[in-house]
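Residue numbers (this note's numbering), protein chains in the order written: chain A, 297 to 416; chain B, 297 to 416; chain C, 5 to 288; chain D, 5 to 288. We put the beta carbon where it would ideally sit given N, CA and C, even for glycine. As the structure is a computational prediction, the values presented were derived from the model and not from experiment. The block underneath contains the structure these notes are about, expressed in structure tokens.
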Amino acid sequence: MASNYTDRKFQGTYLFDGQMAKKGYGLNKMCYSFNDQVARDEFNADPEAYCEKFKLTEAQKEAIRNKDVIGLLREGGSIYYLAKFTGLLKLNMQDIGGLQTGMSTDEFKAMLEKNGRGEV
Amino acid sequence: MASNYTDRKFQGTYLFDGQMAKKGYGLNKMCYSFNDQVARDEFNADPEAYCEKFKLTEAQKEAIRNKDVIGLLREGGSIYYLAKFTGLLKLNMQDIGGLQTGMSTDEFKAMLEKNGRGEV
Amino acid sequence: MAKIIGAVTTSHIPAIANAMANGLEETPYWKPFFDGYPPVRDWLNEKKPDVIILFYNDHGLEFFIDKKPTFAIGVADEYYNSDEGWGIPTIPPVTGESDLSWHIANSIVDEGFDMTICQEMKVDHGLTVPLNLMWPGHQYGHVKVIPVCINCEQYPMAQPWRTFELGRAIGRAVASYEEDINVVVFGTGGMSHQLDGERAGFINRAFDIDCLDKLVSDPEALTKYSNMDLVEQGGAQAVELNMLIAMRGTLLGKVTERHRNYHAPISNTGSGLMLLENEISTAE
Amino acid sequence: MAKIIGAVTTSHIPAIANAMANGLEETPYWKPFFDGYPPVRDWLNEKKPDVIILFYNDHGLEFFIDKKPTFAIGVADEYYNSDEGWGIPTIPPVTGESDLSWHIANSIVDEGFDMTICQEMKVDHGLTVPLNLMWPGHQYGHVKVIPVCINCEQYPMAQPWRTFELGRAIGRAVASYEEDINVVVFGTGGMSHQLDGERAGFINRAFDIDCLDKLVSDPEALTKYSNMDLVEQGGAQAVELNMLIAMRGTLLGKVTERHRNYHAPISNTGSGLMLLENEISTAE
Ligand SMILES: [Fe+3]
Ligand SMILES: [Fe+3]
Numbered sequence: 297m298a299s300n301y302t303d304r305k306f307q308g309t310y311l312f313d314g315q316m317a318k319k320g321y322g323l324n325k326m327c328y329s330f331n332d333q334v335a336r337d338e339f340n341a342d343p344e345a346y347c348e349k350f351k352l353t354e355a356q357k358e359a360i361r362n363k364d365v366i367g368l369l370r371e372g373g374s375i376y377y378l379a380k381f382t383g384l385l386k387l388n389m390q391d392i393g394g395l396q397t398g399m400s401t402d403e404f405k406a407m408l409e410k411n412g413r414g415e416v
Numbered sequence: 297m298a299s300n301y302t303d304r305k306f307q308g309t310y311l312f313d314g315q316m317a318k319k320g321y322g323l324n325k326m327c328y329s330f331n332d333q334v335a336r337d338e339f340n341a342d343p344e345a346y347c348e349k350f351k352l353t354e355a356q357k358e359a360i361r362n363k364d365v366i367g368l369l370r371e372g373g374s375i376y377y378l379a380k381f382t383g384l385l386k387l388n389m390q391d392i393g394g395l396q397t398g399m400s401t402d403e404f405k406a407m408l409e410k411n412g413r414g415e416v
Numbered sequence: 005m006a007k008i009i010g011a012v013t014t015s016h017i018p019a020i021a022n023a024m025a026n027g028l029e030e031t032p033y034w035k036p037f038f039d040g041y042p043p044v045r046d047w048l049n050e051k052k053p054d055v056i057i058l059f060y061n062d063h064g065l066e067f068f069i070d071k072k073p074t075f076a077i078g079v080a081d082e083y084y085n086s087d088e089g090w091g092i093p094t095i096p097p098v099t100g101e102s103d104l105s106w107h108i109a110n111s112i113v114d115e116g117f118d119m120t121i122c123q124e125m126k127v128d129h130g131l132t133v134p135l136n137l138m139w140p141g142h143q144y145g146h147v148k149v150i151p152v153c154i155n156c157e158q159y160p161m162a163q164p165w166r167t168f169e170l171g172r173a174i175g176r177a178v179a180s181y182e183e184d185i186n187v188v189v190f191g192t193g194g195m196s197h198q199l200d201g202e203r204a205g206f207i208n209r210a211f212d213i214d215c216l217d218k219l220v221s222d223p224e225a226l227t228k229y230s231n232m233d234l235v236e237q238g239g240a241q242a243v244e245l246n247m248l249i250a251m252r253g254t255l256l257g258k259v260t261e262r263h264r265n266y267h268a269p270i271s272n273t274g275s276g277l278m279l280l281e282n283e284i285s286t287a288e
Numbered sequence: 005m006a007k008i009i010g011a012v013t014t015s016h017i018p019a020i021a022n023a024m025a026n027g028l029e030e031t032p033y034w035k036p037f038f039d040g041y042p043p044v045r046d047w048l049n050e051k052k053p054d055v056i057i058l059f060y061n062d063h064g065l066e067f068f069i070d071k072k073p074t075f076a077i078g079v080a081d082e083y084y085n086s087d088e089g090w091g092i093p094t095i096p097p098v099t100g101e102s103d104l105s106w107h108i109a110n111s112i113v114d115e116g117f118d119m120t121i122c123q124e125m126k127v128d129h130g131l132t133v134p135l136n137l138m139w140p141g142h143q144y145g146h147v148k149v150i151p152v153c154i155n156c157e158q159y160p161m162a163q164p165w166r167t168f169e170l171g172r173a174i175g176r177a178v179a180s181y182e183e184d185i186n187v188v189v190f191g192t193g194g195m196s197h198q199l200d201g202e203r204a205g206f207i208n209r210a211f212d213i214d215c216l217d218k219l220v221s222d223p224e225a226l227t228k229y230s231n232m233d234l235v236e237q238g239g240a241q242a243v244e245l246n247m248l249i250a251m252r253g254t255l256l257g258k259v260t261e262r263h264r265n266y267h268a269p270i271s272n273t274g275s276g277l278m279l280l281e282n283e284i285s286t287a288e
């Protein structure tokens, strides 16, 4: 029902517009809370209870459990807030890139090098 | 030193611009806190300590002590936040009008009636 | 397509909330003010708008000068009132309308309005008093409200030409919304008043009435005023007229005045109640 | 009168903060990136600007989507960094410049830019990494910084034509400031990159280099892009190019490129370092 920001689509890309911002509000709010060490500790001590506190949907909880970044994006996560969740998991941006593209971190880094050289 | 918003002046009027917003930051922040009952109780229990907590200047503390609304305006108070201080004192907008214009509340109300009839 | 069928100007001062909470509507002080409202209530009950777009200013409940937006728009499905510190009763939640809100936000940011977009936003008397005036006893839960908050507390403030343009952009956004719904716009606050300083108590009846006239038939004239002109002619808080000017900007059709009640003073202010109908030509 | 004497584009990614904290500048991975910076540092140390106007985006330290401003400007005398959640070191306070900040805010709100004005504002790596790149070891305390924060996280976002106009308005505001000071503008972030989705890892070297060329000699061409065009050509986070476009808008004089170092990838991004001088004609 909700208006999309645009009707343009880009393969493998999840535009974070109003529809997503509404769907992912609780999820992103939880991730935003991870700016605080206290919140990170609380999550680590009992992830399920912490997800419950922010009223995550079952699909969102499942994606958090599975560290399923694509699932989190589909359920309204914004990469900027999700990065605080993956940071808490000690994953860097190349690890996350690998997870999303089905590559190992090293394969993903090799792709970045190739793209960086303009060999696309 | 700081830029005024405008060089137009209006008699008996304190424009709340950047210069005032900077000068009155702590004072207004204290008044904004009075949205919470806990903060109002804390102020009422020990006004001096509460003013100290928000780092009010001596001139601001003095004006708070004396319920000196004009003094508070001169020291950077915004009427919108000051209203929360005067509300805590159980003063309404006509009481405050009287205080600022040197009238009794009834005299101030009579002036409002006169102004409202357009007899200016 | 969505249609803006009309608009209302109304006061939003906290004293009204207290008067209604204490049942003072028929007292000599309040009667000339409240007597203006039944025709507007009847019109709303007859037209049954789906959505109210409500221009107001936040007087220090949600926003502080730590981070003060010039223009903020709510995009939530619900808004809460809260303790404002001076004893007006906290009222039930206000229903939102996130879909049209986001549609408007998408449309006007693309047009160059630099909105602060709010999924959580406490709404103060500036928004709640008008709703309770239109649907007394807090019977407004069925109406979906889109709050648009304009900074009237700290300079620099958007100038009247800009708030009018904001209104026009919102009018275009509503007109491009595909659902078949009726929208009414509220412009709240004002009119002439000054709360602070030795000039406190200033009211300019003639200026207010002239503004109401111009809101009907010559709104562009109001956009020629600067905020300093409003302060000079209407007192320090007359900058709240920007909400009425923004409201008028949304009315892109033929505008007809259906009702008016000017009364002063209410508390320290001039109060202008007006009902405008907006006839959208089929060509549009 | 105040003068914008030049501008710098630079990456602001958090990985740089970690590399500097861990002394990795001379490692094979980082060397081609860090080797670009000495000429810019030398220029800054020679010119000794009084104020840096810094365009950046907040990646979720100060602002959340509860209340998300399109454009925010800091007007404080000091700004603090804070824990961002993923382990980059928190750095010392940044010095502000409230007088010129308020002058800019006054001027551009009057021109119709709907700023959120901030007297308290935590600043994240988007602002702190560029400062530390220019004055390593956090030796930037003597420089006064004016943060201008552009929403790059949530749609709707200001379009490139609008961020360019914001830059131009800030350029005019600086030019009208009476103190005799020198200002340098930083446009930070970008360039092509995509962090999220199955398309993660996308980089477009040719597009980045073309953007750098256009930033020098044909910035209006960049304002023809929509944010969707940037996403298509540069990946989801290429909307951060808006900070470079806003920077270029502030340069109202004759612009000359003094230095450039493009390198990709740094982390997942294309990194464009560029130093521009702005020659203001005496007629202006
Ligand atoms: Fe008001
Ligand atoms: Fe960034």
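7 angstroms Cβ cutoff met for residue i and residue j
{"i": "residue 55(C)", "j": "residue 148(C)", "result": "yes"}
{"i": "residue 204(D)", "j": "residue 393(A)", "result": "yes"}
{"i": "residue 57(D)", "j": "residue 150(D)", "result": "yes"}
{"i": "residue 178(C)", "j": "residue 9(C)", "result": "no"}
{"i": "residue 132(C)", "j": "residue 95(C)", "result": "yes"}
{"i": "residue 212(C)", "j": "residue 171(C)", "result": "no"}
{"i": "residue 408(A)", "j": "residue 32(D)", "result": "no"}
{"i": "residue 74(C)", "j": "residue 118(D)", "result": "yes"}
{"i": "residue 86(C)", "j": "residue 126(C)", "result": "yes"}
{"i": "residue 112(C)", "j": "residue 164(C)", "result": "no"}
Rounded separation between residue i and residue j - CA only
{"i": "residue 140(C)", "j": "residue 24(C)", "result": "8 angstroms"}
{"i": "residue 338(B)", "j": "residue 84(D)", "result": "28 angstroms"}
{"i": "residue 323(A)", "j": "residue 198(C)", "result": "45 angstroms"}
{"i": "residue 129(D)", "j": "residue 18(D)", "result": "6 angstroms"}
{"i": "residue 351(B)", "j": "residue 145(D)", "result": "24 angstroms"}
{"i": "residue 106(D)", "j": "residue 314(B)", "result": "6 angstroms"}
{"i": "residue 90(C)", "j": "residue 137(C)", "result": "20 angstroms"}
{"i": "residue 283(C)", "j": "residue 217(C)", "result": "18 angstroms"}
{"i": "residue 64(D)", "j": "residue 157(D)", "result": "9 angstroms"}
{"i": "residue 6(D)", "j": "residue 273(D)", "result": "34 angstroms"}
{"i": "residue 13(C)", "j": "residue 194(C)", "result": "9 angstroms"}
{"i": "residue 297(B)", "j": "residue 309(B)", "result": "Unreliable placement is indicated for residue 297(B), whose pLDDT of 47 sits below 50; no coordinate value is reported for it."}
{"i": "residue 288(D)", "j": "residue 60(D)", "result": "Confidence is the limiting factor: at residue 288(D) the pLDDT is only 46, short of 50, which leaves the residue's position unreliable and the question unanswerable from this model."}
{"i": "residue 397(A)", "j": "residue 281(D)", "result": "41 angstroms"}
{"i": "residue 35(D)", "j": "residue 27(D)", "result": "11 angstroms"}
Within chain D, partners of residue i - CB distance below 7 angstroms
{"i": "residue 308(A)", "result": "201, 202, 203"}
{"i": "residue 397(A)", "result": "202, 204, 205"}
{"i": "residue 254(C)", "result": "Chain D residues near residue 254(C): none, gap ~17 angstroms exceeds 7 angstroms."}
{"i": "residue 122(C)", "result": "70, 71"}
{"i": "residue 162(C)", "result": "113, 118"}
Chain D contact residues for residue i, given Cβ-Cβ distances below 8 angstroms
{"i": "residue 328(B)", "result": "Result: empty, since nearest Cβ-Cβ is about 12 angstroms, beyond 8 angstroms."}
{"i": "residue 132(C)", "result": "What residue 132(C) touches in chain D: nothing, since even the nearest Cβ is about 19 angstroms away."}
{"i": "residue 227(C)", "result": "Those do not exist, as residue 227(C) stays about 12 angstroms from chain D at its closest Cβ, beyond 8 angstroms."}
Under 8 angstroms by beta carbon: chain B residues contacting residue i
{"i": "residue 214(C)", "result": "By Cβ distance, chain B contributes nothing, its closest Cβ being about 12 angstroms from residue 214(C), past 8 angstroms."}
{"i": "residue 110(D)", "result": "299, 301, 313, 314"}
{"i": "residue 63(C)", "result": "376, 379"}
Under 9 angstroms by beta carbon: chain D residues contacting residue i
{"i": "residue 317(B)", "result": "79, 106, 121, 123"}
beta-carbon residue i near ligand 4 non-hydrogen atom, thresh 6 angstroms
{"i": "residue 276(D)", "result": "As far as ligands go, the structure on display features ligand 1 and ligand 2 and does not contain ligand 4."}
Checklist entry - In chain order, what are the residues with a CB under 6 angstroms from some non-hydrogen atom of ligand 2? => result Every residue passing the under-6 angstroms Cβ criterion appears here: 16(D), 61(D), 63(D), 130(D), 193(D), 244(D).
Next on the checklist: Please give me, in chain order, every unbroken run of the alpha helix (DSSP H) with length at least 4 that falls completely inside the stretch 7-73 of chain C.
Outcome noted: List check, alpha helix (DSSP H) in window: 18-25, 35-38, 42-51.
Checklist entry - Can you give, in chain order, each stretch of the alpha helix (DSSP H) that sits fully within the stretch 128-165 of chain D and has at least 4 residues? => result Within the stretch 128-165 of chain D, the complete alpha helix (DSSP H) runs of at least 4 residues fall at 129-138.
Item to check | Every unbroken beta strand (DSSP E) within the stretch 179-221 of chain C, with a cutoff of 3 residues, ordered by chain | outcome: List check, beta strand (DSSP E) in window: 186-192.
Checklist entry - In the stretch 316-382 of chain B, which residue ranges form an unbroken alpha helix (DSSP H) of at least 4 residues, counting only runs that do not cross its ends? => result The alpha helix (DSSP H) runs lying completely inside the stretch 316-382 of chain B and spanning 4 residues or more are 321-329, 333-341, 343-349, 354-361, 365-370, given in chain order.
Item to check | Continuous alpha helix (DSSP H) assignments of at least 4 residues falling wholly in the stretch 222-278 of chain C | outcome: Runs found: 223-226, 231-238, 245-253.
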